[in-house]
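See structure below.
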Amino acid sequence: SISVRMAGSLPIRSTAVTAAVADGRVQLGEDIYYVSTLPAAGALRLPGLIVNDDHLRIAQPIQRAFLDTLFAKHKAQLIGYYMTPPQVIFTIRPVAGIDDLRGMVIRTTTQDQAEAVHRMGALAITMVTDDVLAALESGTLHGVFGTAVGAGLVWAGRLRFGCRITPVRSDGVILVNRAAMAALAKPLAQVITNFGADLAAALTIALAADEAGAFAELTGGGFMMAQPRPDDLIASARRLTPYWEAISLARGKEASDNLAALRLALGR
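Add 4 to the 1-based position in the sequence shown for our numbering, that's all there is to it.
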């Protein structure tokens, strides 16, 4: 039997689910914050590295294989791997290219988002959600980094434009404790493995559908998303490459090797 514990019902922080699975406090868990426990796993989330769906199709199996090995070293087994929609920049004025971002003030929620904004010539700031609308209305805030569901629709009355120059990807994992899995009969272990794969696939599809629906709603209301020009993508990669390399080096050899493998496959 499986005893289900909803998020918040156990004294485990949202950023510590991977550690809880690894040490056996829970035997199975879903974690979108796993990079907090395993920083070496963060290459796929680097800003501007995965620009489009073709990049994602190339990178995903490489990253999955890397994560399989990495989690195994930490007493966990990866049974499901899913993707969330890319986070992009939503703005109050048109952004046709990198130069249009210069001088803008953009709200960010992660280090990677902030670094992307900074290297495009804009100012990254943190701001509590309740203050965003007033800042957009007053013009002291020019944009927000996020998804259509989490940002675009929330402030649809003010965020009329967007750009995909420096998308930030995110991913999530479904894990089981290796010792607990090894103790199961093989048929039951296979059921658990299949469950993880099916759940991950369903999450990827559902999240993508929600995001597509949100963009359709925004577009119907006059929202305009600028597609990146080739020269802007080249310029973005040139500006972000030093950050990719520096942060991966700081995270250790595994992270640097993972980044190198992704860049080689992507031709970046």
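Ideal Cβ positions, reconstructed from N, Cα and C, are used throughout, including at glycine. Just so it is clear, the structure is predicted and the values come from calculations on it, not from any experiment.
Exercise. Note down the Cα distance separating Q31 from D175, rounded to an integer number of angstroms.
Key: Numbered from 1 along the sequence shown, position 27 holds the residue referred to as residue 31. Numbered from 1 along the sequence shown, position 171 holds the residue referred to as residue 175. Whole-angstrom Cα-Cα distance: 21 Å.
Quiz item: Cβ atoms of G28 and G200: under 8 Å apart, would you say?
Solution: On the sequence shown, position 196 is the one that residue 200 refers to. On the sequence shown, position 24 is the one that residue 28 refers to. No, these two residues do not count as a Cβ contact at 8 Å.
Exercise. Sort G226, T88, H146 and I62 by Cα distance to C154 and report the nearest one.
Key: Translated into positions along the sequence shown, residue 154 becomes position 150. Sequence inspection shows Gly at residue 154; the Cys mentioned does not correspond to that position. Of G226, T88, H146 and I62, the residue nearest in Cα terms is T88.
Quiz item: Between the stretch 14-28 and the stretch 181-192, are three or more C-beta pairs nearer than 8 Å?
Solution: yes
Exercise. Kindly list the residues whose CB is nearer than 6 Å to the CB of G256, restricted to its own chain and excluding five residues on each side of it in sequence; keep chain order.
Key: Taking the first residue of the sequence shown as position 1, residue 256 is located at position 252. Within the same chain, G256 has close Cβ partners A44.
Quiz prompt | Inter-residue spacing [alpha-carbon to alpha-carbon] between P98 and T112 | solution = The sequence position of residue 98 within the sequence shown is 94, counting from 1. The sequence position of residue 112 within the sequence shown is 108, counting from 1. Looking at the two C-alpha atoms, the distance is approximately 19 Å.
Practice problem: Could you name the residues of the same chain whose beta carbon sits closer than 7 Å to that of D214, not counting the 5 residues immediately before and after it, in chain order? | Solution: Here the question's residue 214 lines up with position 210 in the sequence shown. Here the set comprises V153.
Quiz item: Hey, is A264's beta-carbon within less than 8 Å of any beta-carbon in chain C?
Solution: You won't find chain C in this structure, because it holds only one protein chain.
Self-check item: Close beta carbons around T22, own chain, < 7 Å, minus the five adjacent residues each side
Solution: Start at 1 with the first residue of the sequence shown, and residue 22 comes out as number 18. Closer than 7 Å at Cβ, skipping near neighbours: D35, Y38, T41, L42, A80 and L179.
Self-check item: Simplified DSSP assignment, three categories, for D27
Solution: As a working note, residue 27 is residue 23 in the sequence shown. D27 falls in the coil class under three-state DSSP.
Exercise. Let me know if R106 comes out buried or exposed under the rule of 16 or more other beta-carbons within 10 Å of its beta-carbon.
Key: Position 102 of the sequence shown, counted from the start, is the residue given in the question as residue 106. The residue is exposed, with fewer than 16 neighbouring Cβ atoms inside 10 Å.
Self-check item: Exposure of A47, with buried meaning 16 or more beta-carbon neighbours within 10 Å
Solution: The sequence position of residue 47 within the sequence shown is 43, counting from 1. Label assigned to A47: buried.
Quiz item: So the beta strand (DSSP E) G217 belongs to, where does it begin and stop?
Solution: Position 213 of the sequence shown, counted from the start, is the residue given in the question as residue 217. First-last for G217: K190 to G224, but that is the alpha helix (DSSP H), not the beta strand (DSSP E).
Practice problem: Can you say whether T73 is buried or exposed, counting buried as having 16 or more other CB atoms within 10 angstroms of its CB? | Solution: What you label residue 73 is simply residue 69 of the sequence shown in a count that begins at 1. With fewer than 16 Cβ atoms within 10 Å of its Cβ, T73 is classed as exposed.
Quiz prompt | DSSP beta-bridge partners of I251 | solution = Counting from one through the sequence shown, the residue named residue 251 turns up at place 247. In the DSSP output, where bridge partners are listed per residue, I251 has none listed.
Exercise. Rounded to whole angstroms, what's the CA-CA distance from L157 to T114? Just pull it up for me.
Key: Walking along the sequence shown from the start, residue 157 turns up at place 153. Walking along the sequence shown from the start, residue 114 turns up at place 110. The alpha-carbon atoms of L157 and T114 are separated by roughly 20 Å.
Quiz item: Can you find at least 3 beta carbon pairs, one from the stretch 62-71 and one from the stretch 117-130, that sit closer than 8 Å?
Solution: no
Quiz item: With distances taken between CB atoms, is the gap from T95 to F165 smaller than 8 Å?
Solution: Here residue 95 is taken as the residue at index 91 of the sequence shown, counted from 1. Here residue 165 is taken as the residue at index 161 of the sequence shown, counted from 1. A contact, by the Cβ cut-off of 8 Å.
Exercise. For S18, name the three-state secondary structure that DSSP assigns.
Key: What you label residue 18 is simply residue 14 of the sequence shown in a count that begins at 1. Residue state, collapsed to three classes: helix.
Quiz item: Would you call P51 buried or exposed, if buried means 16 or more other Cβ atoms sit within 10 Å of its Cβ?
Solution: Residue 51 sits at position 47 when you count from the first residue of the sequence shown. When all chains shown are included, P51 counts as buried.
Quiz item: What residues in its chain sit with their C-beta under 8 Å from that of L244, if we drop five residues either side in the sequence?
Solution: Taking the first residue of the sequence shown as position 1, residue 244 is located at position 240. Taken in chain order, the residues that qualify are L50, P51, G52, L53, E119, A120, R123 and T170.
Quiz item: How about H146 and V172: do their beta carbons lie closer than 8 Å?
Solution: What you label residue 146 is simply residue 142 of the sequence shown in a count that begins at 1. What you label residue 172 is simply residue 168 of the sequence shown in a count that begins at 1. No.
Quiz item: Which of helix, strand or coil does DSSP assign to Q231?
Solution: As a working note, residue 231 is residue 227 in the sequence shown. The answer is coil: DSSP assigns Q231 none of H, G, I, E or B.
Practice problem: Using a threshold of 8 Å, state whether the C-beta atoms of A239 and I102 are closer than that. | Solution: One-based indexing of the sequence shown puts residue 239 at position 235. One-based indexing of the sequence shown puts residue 102 at position 98. Yes, the pair counts as a contact, with Cβ atoms nearer than the cut-off.
Quiz item: What's the gap between the Cα of T197 and the Cα of T19?
Solution: Locating residue 197 in the sequence shown gives position 193, counting from the first residue. Locating residue 19 in the sequence shown gives position 15, counting from the first residue. Roughly 23 Å separates the two Cα atoms.
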